[in-house]
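Respectively, the protein sequence lines represent chains A and B. Numbering follows this note's numbering, in which position 228 of the first sequence is assigned residue number 228; successive positions increment by one, without gaps. Numbering follows this note's numbering, in which position 91 of the second sequence is assigned residue number 324; successive positions increment by one, without gaps. What follows is a short report on a single structure.
There are 2 protein chains.
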Amino acid sequence: MLQVRDGLLQVLLWRRAHDPFAGSWALPGGYLEPGETLEQSIRRHLAQKVDVRELAHLEQLETRSEPDRTPHEWQLATAYLGLVPSDADPRIPDDTAWHPVDALPPLAFDHESIVLAGRERLRAKLSYTNVGYALAPREFTISQLRDIYAAALGHDVSATNLQRVLLRRGVLESTGQLRASGPSGGRPGALFRFRKQTLEVTDQFAVLRPPSGAGPSSLLRSRAFPAKGGRHR
Amino acid sequence: MLQVRDGLLQVLLWRRAHDPFAGSWALPGGYLEPGETLEQSIRRHLAQKVDVRELAHLEQLETRSEPDRTPHEWQLATAYLGLVPSDADPRIPDDTAWHPVDALPPLAFDHESIVLAGRERLRAKLSYTNVGYALAPREFTISQLRDIYAAALGHDVSATNLQRVLLRRGVLESTGQLRASGPSGGRPGALFRFRKQTLEVTDQFAVLRPPSGAGPSSLLRSRAFPAKGGRHR
DNA sequence: GCAAAAGTGTTGTGTCTACACCCATGT
DNA sequence: ACATGGGTGTAGACACAACACTTTTGC
């Protein structure tokens, strides 16, 4: 479960009470109950840590099966990536805490590599989808959004270009509103929101895309009128 | 397991001998043995159908857990995408056959949706990675490669542009060789090969990429010399 | 010479980055 | 007025699609 807090990308970790790895930090989760899907199970386990309504996006990452990933007993684990908007401040139990992904404590099992894989997935999807909605508050100024993107991506982001890219793609829309300017002055920022609150691919990055006029399956298409004489056009 | 055969994208299916779904077609696979990773297990089951050396690429797709995806007993399944070069013609057992993905017979369980998900993954990766190596023969002409891409993508592909895109990205390299021209004449084609035989992302499709000069983590960077007077340049 | 197949040259388009400049507010 | 932060205008780089044209072969 990732969130941008205090300008940093952070992950919710849980301090293990029991062996193995008693006392060290781990990702929240647990066993699958009979009759439950993996997604239901993750949501159930997370609900014990955080109000589920805060969870703005959840997607499957990968199933790990290495026999030595857990000691004593062999366990398969399916990892999920969950995202929480940066303005949510869920009450969390005493045995959990947010940790910056850039400065993780030693983690139990293979959880460190799972966290890093989740971060990579998030970074990729920030580029070509609208997942931003799951990290941002409902309404925000472009600079707020820029800080969220910068924290998640790990590098500076230009507010100018971020605005233009997301507007051109139709990912953001303007609420007519303005945010009052801060105590140190400055022009008030316009408030924006994500047009959709569900995942959408916004950049097909599909080089090798279908030829302009053609339908999806042109394999059966006959090359009508082999152009004996005239060029049309 | 997907392959381009006879100009069509096809999937290797296995006719089930036993209930449930006795007699209908299904994806090859089977139970995980103790101490085995999922990947080892898939390779083991596939080896019973096809020589494993033919498998040029294998990647995990998704784990399905819906309780009603199998009758009577609840089973989780982790789906993998395997690719075989189009010049391989593996000996396959009598109870298996290749089927065009465009014209699947009714499949057991949720296997149809898995096949379609695999095709989507393949199509996406053809655009931004070098996965083509896993579908193409070791050496090929551009038109052969175009036919393979066209079959996998489901639409016409321009040989001209395919060549330029893949060369520009450094994905293909020319062997000095020429292929003899066919019986109907025509200029002989140059032979190319994929520079790498392992998966590589070749198009970052990373809009929102780091600013040109900056290292990966510029969050800790102090904005040295706040430019009191002079502009530098 | 002519058809077939392969390959190159060239133009136009869209999307992005970078950077200069203008705008609105607080003190 | 001027500092602070927000927003627009514009130019250049790049990757790609489309298509005209040239090259090399078989017949």
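Ideal placement from N, C-alpha and C gives every residue a C-beta, glycine not left out.
Which residues does DSSP list as the beta-bridge partners of Phe438 (chain B)? Answer by DSSP bridge pairing: none, since Phe438 (chain B) is not bridged.
Using alpha carbons as the reference points, say which of B:Ser445, B:Ile375, B:Leu355 lies closest to Ala367 (chain B). B:Leu355
Shorter than 8 Å from the beta carbon of His155 (chain A) to some beta carbon of chain B? yes
Provide the residue span of the alpha helix (DSSP H) that contains Val115 (chain A), from first to last. 111 to 128
Applying the 10 Å Cβ sphere with the 16-neighbour rule, what's the burial state of Lys196 (chain A)? exposed
Can you confirm whether Asp236 (chain A), when its beta carbon is compared against all beta carbons of chain B, has any partner nearer than 8 Å? Absent from the structure is residue 236 (chain A), since the part of chain A shown begins at 1 and ends at 233.
Nearest-angstrom beta carbon gap, Gly403 (chain B) and Arg412 (chain B) [assumed within contact, 8 Å]: Between Gly403 (chain B) and Arg412 (chain B) the Cβ distance is about 22 Å, and since that is not below 8 Å, they are no contact.
Can you give me the Cβ contacts of Trp14 (chain A) inside the same chain, cut-off strictly under 8 Å, excluding the 5 residues immediately before and after it? Trp25, Ala26, Leu27, Pro28, Lys49, Asp95, Thr96
Whole alpha helix (DSSP H) elements within the region 392 to 445 of chain B, 4-residue minimum: 392 to 401
Apart from the five residues on each side of it in sequence, which residues of its chain come closer than 7 Å, Cβ to Cβ, to Ser65 (chain A)? Leu76
Interface residues of chain A facing Gln293 (chain B) [CB-CB closer than 8 Å]: Glu62, Thr63
Determine contact between the region 406 to 420 of chain B and the region 342 to 357 of chain B, defined as no fewer than three beta-carbon pairs at a distance below 8 Å. no
Following the continuous alpha helix (DSSP H) through Glu272 (chain B), name the residue where it begins and the one where it ends. 271 to 280
Could you name the residues that DSSP lists as bridge partners for Trp74 (chain A)? Looking at the DSSP assignment, Trp74 (chain A) forms no beta bridge with any residue, so it has no partner.
Look up Gly82 (chain A) in the DSSP assignment and give the residues it is bridged to. A:Leu58
Could you check whether the Cβ of Leu359 (chain B) sits closer than 8 Å to any Cβ belonging to chain A? yes
Return the chain-ordered list of same chain residues with a C-beta closer than 7 Å to the C-beta of Gly229 (chain A), the five sequence neighbours on each side being excluded. Residue placement at Gly229 (chain A) cannot be trusted, given a pLDDT of 24 that sits under 50; what the coordinates show is reported in the next sentence. Correct list: empty, nothing qualifies.
Just confirm the distance between the C-beta atoms of Gln243 (chain B) and Val334 (chain B), as a whole number of angstroms; I'd bet it's less than 8 Å. 7 Å
Using Cβ-Cβ distances below 9 Å, what residues of the region 296 to 311 of chain B are close to chain A? Thr296, Arg297, Ser298, Glu299, Pro300, Trp307, Leu309, Thr311
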